[in-house]
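Just so it is clear: in the sequence shown, position 165 is 165 by full-length UniProt numbering, and no numbers are missing. Cβ atoms here follow ideal geometry from the backbone N, Cα and C, with glycine treated the same way.
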Amino acid sequence: MAKIGITCYPTVGGSGVIATELGKLLAEKGHEIHFIAAQVPFRLNRVYPNIYYHEVEVSNYPVFQHPPYDLALANKMAEVINREELDILHVHYAMPHAICAILAKQMCDRDVKIMTTLHGTDITVLGIDTSLKQMIKFGIEQSDRVTAVSNSLVKQTKEMLDTSKEIDVVYNFVDEREYYRKDKGSLRSDYCIKEEEKVLIHISNFRKVKRVPDVIYAFSLIEKEVPSKLLLVGDGPEYSECRQLVQKLDLEDRVLFLGKQDNVSDLLSIADLKLLLSEKESFGLVLLEAMACGVPCIGANTGGIPEVIDHDETGYITELGNVEQIAHYATHMLKDDELMSRMSERAKEVVRDKFSSETILKQYEDIYEQVLVRD
Ligand code: GMT
């Protein structure tokens with residue numbers, strides 16, 4: 001069994017979710033897990049006997065114009081590596097975590113192995129930024145092992161950073177104990193969804209890259225053909241603009257803004273179709289969560305989305321921004337109950353066969369083993 005440090009962003013997004021769920025699964029298998037982060041990761045919501053949490057404390061000494069979080073993180077990493085005798089430090093998100101890990105390794109007395117998992121925005125957004133590009137490339141090239149969450153992200157990383165570093169693909173996974181289709185009893189009627197109405201759902205952090213207005217425009221066409229409601233789950237910078245658009249399109253009684261929600265699997269359990277129309281998406285963990293709950297998905301033909309949705313099998317892949325095409329596929333499916341239930345079953349099967357937590361955990365454990373025996 002290994003002693004593994006994990007660093008991730010504790011509050012936001014899929015990268016933190018994957019890092020935390022991975023830590024929990026590894027701990028269940030008997031590994032000793034040490035989270036090193038600015039806050040307790042939000043999915044670490046109870047006591048786990050072999051999981052430890054080490055908080056990064058940042059000095060706010062008045063001379064510092066900006067509190068030096070990255071250096072404090074590197075310092076904490078070095079301290080934990082030495083004291084807890086870590087074998088591996090697995091960081092999620094290159095910037096700044098991979099760079100801090102390399103620095104920590106240089107500061108401490110142990111030959112700890114650094115593994116970096118790329119999640120997307122660290123490459124597709126920050127990698128474009130010339131002030132960070134060299135630093136991200138350095139973090140990746142100096143890591144002992146690098147993984148990315150889709151083939152598309154590997155390709156993009158290599159092209160953008162001009163690196164020949166070997167990068168393995170390890171797809172994301174869901175915790176099947178949480179994500180399955182539940183009997184949600186009165187939830188549909190609690191939201192005043194009528195018996196005959198279909199439920200479409202979109203879940204995101206409402207950043208521009210998620211193109212939530214496309215979801216709303218597509219829905220405005222769909223609801224003309226199929227009695228339906230749209231659940232918009234999440235919050236973020238584009239939230240108000242989306243509310244205004246819904247008002248402008250006179251859809252206020254058909255679109256429900258639910259804000260941030262913790263129990264997303266409950267909402268997915270009353271949904272018939274999930275939409276993710278982002279212009280950048282290295283994987284789209286929310287698609288997998290939906291599929292695990294038997295919800296077919298429509299996704300844009302961008303990034304890793306086509307690696308998650310099988311066109312015509314578990315949903316549809318559409319051209320970015322082509323709302324007519326999105327509406328066409330959605331109405332075609334929603335009008336055909338047999339097709340819907342076939343796609344729903346297939347979605348659950350694909351999650352079981354390709355993205356199960358057992359399969360993905362094994363891939364990470366194999367990589368840990370390889371990196372430890374390499375010397
Ligand atoms: O999508 C976001 O805005 C959050 C971001 C993150 O860093 O958590 O998500 C990225 O990592 C997820 C987990 O691997 C992926 O499922 C998302 O596709 C990826 N987001 C983007 O590439 C935009």
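Task: Runs of alpha helix (DSSP H) lying entirely within the stretch 89-114, each at least 4 residues, in chain order - done: 97-107
Task: Buried or exposed by the 16-neighbour rule on C-beta atoms within 10 Å, applied to Asp144 - done: buried
- [ ] Ignore the nearest five residues each way along the sequence and tell me which others in Asn301's own chain have a CB closer than 8 Å to its CB.
- [x] Ile317, Thr318, Glu319 and Leu320
TODO: Reducing DSSP to helix, strand and coil, say where Val199 ends up.
DONE: strand
TODO: Can you give me the Cβ contacts of Ser357 inside the same chain, cut-off strictly under 8 Å, excluding the 5 residues immediately before and after it?
DONE: Glu21, Leu25, Phe173, Val174, Asp175 and Glu176
Task: Buried or exposed (CB count within 10 angstroms, at least 16 for buried), Tyr93 - done: buried
Open item on the list: Please determine whether the Cβ atom of Pro185 lies at a distance below 7 Å from any heavy atom of the ligand GMT.
Closed with: Reading off the sequence, residue 185 comes out as Gly, not Pro. Checking every heavy atom of the ligand GMT against the Cβ of Gly185, none is found closer than 7 Å.
Open item on the list: Considering only their Cβ atoms, is the gap separating Cys100 from Met77 smaller than 8 Å?
Closed with: yes
TODO: Compute the minimum distance between the beta carbon of Glu281 and the heavy atoms of the ligand GMT, and state whether it is under 7 Å.
DONE: yes
- [ ] Answer yes or no: do Gln39 and Pro10 have a C-beta to C-beta separation smaller than 8 Å?
- [x] yes
- [ ] For the beta strand (DSSP E) holding Ala78, just list the boundary residues, first then last.
- [x] Careful: Ala78 lies outside any beta strand (DSSP E), inside the alpha helix (DSSP H) at Tyr69 to Glu84.
Task: Cβ neighbour criterion (16 or more within 10 Å) applied to Asp337 - done: exposed
Open item on the list: Does Ala218 come out as helix, strand or coil in the three-state DSSP assignment?
Closed with: helix
Open item on the list: With the cut-off set at 8 Å, would you say Asn263 and Gly234 are in Cβ contact?
Closed with: no
- [ ] Check whether the stretch 188-195 touches the stretch 302-314, counting contact only when three or more Cβ pairs, one atom from each stretch, lie closer than 8 Å.
- [x] no
Open item on the list: What does the Cβ neighbour count give for Arg211, buried or exposed, with the cut at 16 atoms within 10 Å?
Closed with: buried
Task: Chain-order list of residues whose beta-carbon lies under 7 Å from that of Ser152 (same chain, five-residue window excluded) - done: Ser282, Gly303, Gly304 and Glu307
TODO: Can you tell me the Cβ-Cβ gap for His97 and Thr7, rounded? I've got them flagged as a contact below 8 Å.
DONE: 5 Å
Task: When Tyr61, His31, Cys293 and Glu225 are compared against Ile201, the one with the closest alpha-carbon - done: Cys293
Task: Check: Val209 C-beta below 7 Å from any heavy atom of the ligand GMT - done: yes
- [ ] Using 7 Å as the cut-off, classify the Cβ of His31 as near or not near the heavy atoms of the ligand FAD, replying yes or no.
- [x] This structure does not include the ligand FAD; its bound ligands are the ligand GMT.
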